[in-house]
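Residue numbers (this note's numbering): 3 to 253.
Notes for the one structure printed next.
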Amino acid sequence: MSAADGSPKPTAAAVRSALAGVADPADAIHLQRFFKTGPGEYGEGDVFIGVRVPQTRKIVKHFAELPLSEIDQLLDSEVHEHRLAGLVILNGRMARVSRKRGADVAAQELIVELYLAAVRRGRVNNWDLVDASAEFILGPWLLDRPRGLIYELAQSDSLWGRRVALLTTFAFIKAGDTGTTLDLCERLLTDRRDLIQKAVGWMLREIGKRVDQTILTGFLDAHAAEMGRTALSYSTEHLTPEERAHYRALR
Numbered sequence: 003m004s005a006a007d008g009s010p011k012p013t014a015a016a017v018r019s020a021l022a023g024v025a026d027p028a029d030a031i032h033l034q035r036f037f038k039t040g041p042g043e044y045g046e047g048d049v050f051i052g053v054r055v056p057q058t059r060k061i062v063k064h065f066a067e068l069p070l071s072e073i074d075q076l077l078d079s080e081v082h083e084h085r086l087a088g089l090v091i092l093n094g095r096m097a098r099v100s101r102k103r104g105a106d107v108a109a110q111e112l113i114v115e116l117y118l119a120a121v122r123r124g125r126v127n128n129w130d131l132v133d134a135s136a137e138f139i140l141g142p143w144l145l146d147r148p149r150g151l152i153y154e155l156a157q158s159d160s161l162w163g164r165r166v167a168l169l170t171t172f173a174f175i176k177a178g179d180t181g182t183t184l185d186l187c188e189r190l191l192t193d194r195r196d197l198i199q200k201a202v203g204w205m206l207r208e209i210g211k212r213v214d215q216t217i218l219t220g221f222l223d224a225h226a227a228e229m230g231r232t233a234l235s236y237s238t239e240h241l242t243p244e245e246r247a248h249y250r251a252l253r
């Protein structure tokens, strides 16, 4: 089947084939170790074919018009790089329909629904997949809308749902809005999963770096004593050695 201009219609199968063409089995072994795919690890059972992120991003530039139904096929693949490719394509689609002049709300909603369905059925299931998508898909959608969805995700039994909630707020931070991030960080302070600790600390650090350092230090003054070591370490990276030592001493 061809597109309206006579060129071949983009398909999920074509994306998979393009990725297979640059896959490196040696890299696949390395990536499976790096993303903790062993028994009992957070990425248990995930499958890699050995395609690095820059290669994936280069390939998906040729599939910007991939239909949503085909993107969904990529998201349902057992192969990690297929899912990442689908998310990167989805990010680009969301950016195009979210332009301030003439935003296509109906198109945005379809993308958000597809993404949330993938999150809820466990297809956005490693930290790189979350970090490469949440702020770019849910962020623009929720920036000027009620944020109940974020709190629903933050209460999820799924580690990935909770990380999606936190990383979505990165888009708000970049817009100078810190309230939702601070609220989520407070709610998730006692979540000792390493990837939540890192996300909490990262978002707090970005508040201090991008918005106002006194907002960060105010949060630390109130909560450093109950924070995990990882979250506290990440959040204080841009503070002075004396300030870091002060907050560590509060634990």
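All residues carry an ideal CB built from backbone N, CA and C; glycine is no exception.
Small disclaimer: the values here were computed from a predicted structure and weren't measured.
Residues that residue i bridges to, as DSSP identifies them
{"i": "V81", "result": "V49"}
For residue i, three-class secondary structure by DSSP
{"i": "G230", "result": "coil"}
{"i": "Q199", "result": "helix"}
{"i": "E239", "result": "coil"}
{"i": "L89", "result": "helix"}
{"i": "E244", "result": "helix"}
{"i": "P157", "result": "A small correction: the amino acid at residue 157 is Gln; Pro does not occupy that position in the sequence shown. DSSP places Q157 in coil when its eight states are reduced to three."}
{"i": "M3", "result": "With a pLDDT of only 44 at M3, under the threshold of 50, the placement of this residue in the model should not be trusted, and no figure is reported."}
{"i": "T58", "result": "helix"}
{"i": "T192", "result": "coil"}
{"i": "S19", "result": "helix"}
{"i": "V114", "result": "helix"}
{"i": "Y44", "result": "coil"}
{"i": "L33", "result": "helix"}
{"i": "T170", "result": "helix"}
{"i": "L68", "result": "coil"}
{"i": "A25", "result": "coil"}
{"i": "D146", "result": "coil"}
{"i": "A222", "result": "Before going further, note that residue 222 is Leu rather than Ala in the sequence given. Residue state, collapsed to three classes: helix."}
Spatial distance of residue i from residue j (CA atoms)
{"i": "I113", "j": "Y236", "result": "32 Å"}
{"i": "G178", "j": "P56", "result": "29 Å"}
{"i": "D133", "j": "R246", "result": "26 Å"}
{"i": "M3", "j": "K11", "result": "Reliability of the predicted coordinates at M3 is poor, the pLDDT of 44 falling under 50, and the value obtained from them is presented with this limitation in mind. Those two C-alpha atoms are separated by around 6 Å."}
{"i": "E154", "j": "E83", "result": "28 Å"}
{"i": "A15", "j": "A87", "result": "12 Å"}
{"i": "I31", "j": "N93", "result": "27 Å"}
{"i": "R98", "j": "L140", "result": "14 Å"}
{"i": "R261", "j": "L144", "result": "As shown, the chain starts at 3 and ends at 253. That puts residue 261 outside it, with no answer to give."}
{"i": "H240", "j": "K211", "result": "7 Å"}
{"i": "E46", "j": "R103", "result": "43 Å"}
{"i": "G23", "j": "D48", "result": "20 Å"}
{"i": "F36", "j": "W129", "result": "11 Å"}
{"i": "S19", "j": "I175", "result": "38 Å"}
{"i": "D223", "j": "V121", "result": "34 Å"}
Whole-Å CB distance - residue i paired with residue j, under 8 Å assumed
{"i": "L197", "j": "L206", "result": "Going by Cβ atoms, the distance from L197 to L206 rounds to 15 Å, so no, they are not a contact pair."}
{"i": "G137", "j": "A173", "result": "The question names Gly, but residue 137 is Glu in the sequence shown. Sure, about 4 Å apart at Cβ, within 8 Å."}
{"i": "V53", "j": "A28", "result": "With 8 Å as the limit, V53 and A28 do not qualify as a contact, their Cβ atoms being about 12 Å apart."}
{"i": "V213", "j": "T242", "result": "Rounded, the Cβ-Cβ distance is 19 Å, inconsistent with contact."}
{"i": "A156", "j": "R189", "result": "6 Å"}
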